[in-house]
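Numbering (my numbering), first residue to last: 238 to 722.
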Ligand code: UDP
């Protein structure tokens, strides 16, 4: 019987690309052929993972298409979401949308390259409205892929559908999310689509909503049993079939694939494991703000001093060291010189093998910006989080971790940093960092209850991914449903 062929069109951003590739790999393990559309810059990041899957016999391939920088008026070198200045955001999305034609031509004319059957379904990131036209051109359905939780999707949907912000002039004034059994408050500035500074954003947001509403179904990297009422609520609100497939990070099982997930790590797997092996179970605080958020100078100092004062060993991922000013770099080097020799702290200067670290028994808590992938990865590892949102869906994910799942300690940040520009200087002081870390790691009865809930979530997540589990069954259903008839 001919196999389904899913064409994945991820957004060129780590938090979207990584779970999309993992989903493709999981579908491939169930016999579907998968093509992952990428630009050269993003392909370079995920090629080791895809190549190793191919070598082990999985029917998956990368299809690479360059961005038309000149045609879109985009500066050379701007090639993925972690390096797009906000003033070029609209042009970046325009350049990405121009991929439709070459991708469609490639899939129609050279469909069988690498043994591929004809495409049967497009699974495109919600940030790619043009993928609906791609699917129409290929005469196949288009599913929308979200690396967001259903709680966040439903909150966003309901505040918009019921006009909750109507008449509220202050972007930082909380409104109650309508239509939920639980009382959840959110401000306009905390909502995922709040990009005031980006020219042309409102029109783009309208296009995104149209594409979401018209798509043929939804695929989410979440776990049904973690948020059953929100999964059901979102499917009902959208009136479409929804497949939960998470936690997709569980595709990775060996040290080699865990360590290569998403990019080449700035530390070798052996060195990282040696450091972790020397620590007590549950003793290490892992600190990372994902692939886009970057703590500014004062914040880096307060964070470092707070971590040190907590007395717990920590791993701190210092993203893009070159973006730190001299003073912050000097501080970080001094901190490293103080903590590294005694094994009290490990600074990773660049990309960290996060999946490997979180899966190690020494991991004890995760200080996170609450990107959904990181939040879900923490829950899957059974870890409590220190929830420190910065922008987009991170505020709702933080509420999910703290208020819904009960595994998080907040640091009290309520206002966003607008995308890559500091609208208002928000610095979380060292005392708050220390207290939040202590609360997540120790915290008496409350801390123990949080850890218990985190362990229970990990069990649910693992059960969902196993044969007979909800996510496993949904993957099988996708493979079956999108076979050529
Ligand atoms: N990640 C990683 N190493 C890093 C930073 C991030 O492996 O140094 C991975 C992380 O495991 C997650 C993804 O990159 O899967 C980040 O996604 P998330 O939604 O947490 O945050 P974003 O980067 O989109 O803000």
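We treat Cβ as the ideally placed atom computed from N, Cα and C, and that holds for glycine.
- Setting aside the 5 residues that flank it on each side, residue 716 is surrounded in the same chain by 241, 264, 267, 268, 269, each with a C-beta closer than 7 Å to its C-beta; the list follows chain order.
- Closer than 7 Å to some heavy atom of ligand 1: that describes the Cβ of residue 255.
- Residue 427 and residue 632 have their C-alpha atoms roughly 6 Å apart.
- DSSP places residue 389 outside any beta strand (DSSP E); the residue lies instead in the alpha helix (DSSP H), whose first and last residues are 387–398.
- Pairing residue 480 with residue 586, the inter-Cα distance amounts to about 37 Å.
- In this chain, the alpha helix (DSSP H) harbouring residue 330 covers 326–334.
- In its chain, beyond the 5 residues on either side, 387, 388, 391 have a beta carbon closer than 6 Å to the beta carbon of residue 467.
- Counting only runs of at least 3 residues, the segment 451–493 fully encloses the following beta strand (DSSP E) elements, listed from N- to C-terminal order: 455–457, 479–481.
- For residue 242, the secondary structure class from DSSP, reduced to helix, strand or coil, is strand.
- Rounded to the nearest angstrom, the gap between the Cα atoms of residue 381 and residue 355 is 20 Å.
- Looking from the CA of residue 503, the closest CA among 548, 581, 556, 484 belongs to 556.
- With 16 or more neighbouring CB atoms inside 10 Å of its own CB, residue 675 falls in the buried class.
- In this structure residue 409 is exposed. Its beta-carbon is surrounded by fewer than 16 other beta-carbon atoms within 10 angstroms.
- Residue 485 and residue 286 do not touch by the CB rule: their CB atoms are close to 12 Å apart, not below 8 Å.
- For residue 490, the Cβ stays outside the 7 Å cut-off from all heavy atoms of ligand 1.
- In this chain, the beta strand (DSSP E) harbouring residue 603 covers 600–605.
- A distance below 7 Å between beta-carbons, with the five flanking residues on each side excluded, links residue 664 to the following residues of its chain, in chain order: 535, 536, 539.
- Residue 583 sits away from residue 616, with the two beta carbons spaced by 8 Å or more.
- A distance below 8 Å separates the beta carbons of residue 327 and residue 437.
- At least one heavy atom of ligand 1 is found less than 7 Å from the C-beta of residue 251.
- In the DSSP annotation of this structure, residue 290 is not part of any beta strand (DSSP E); the continuous alpha helix (DSSP H) holding it starts and ends at 277–292.
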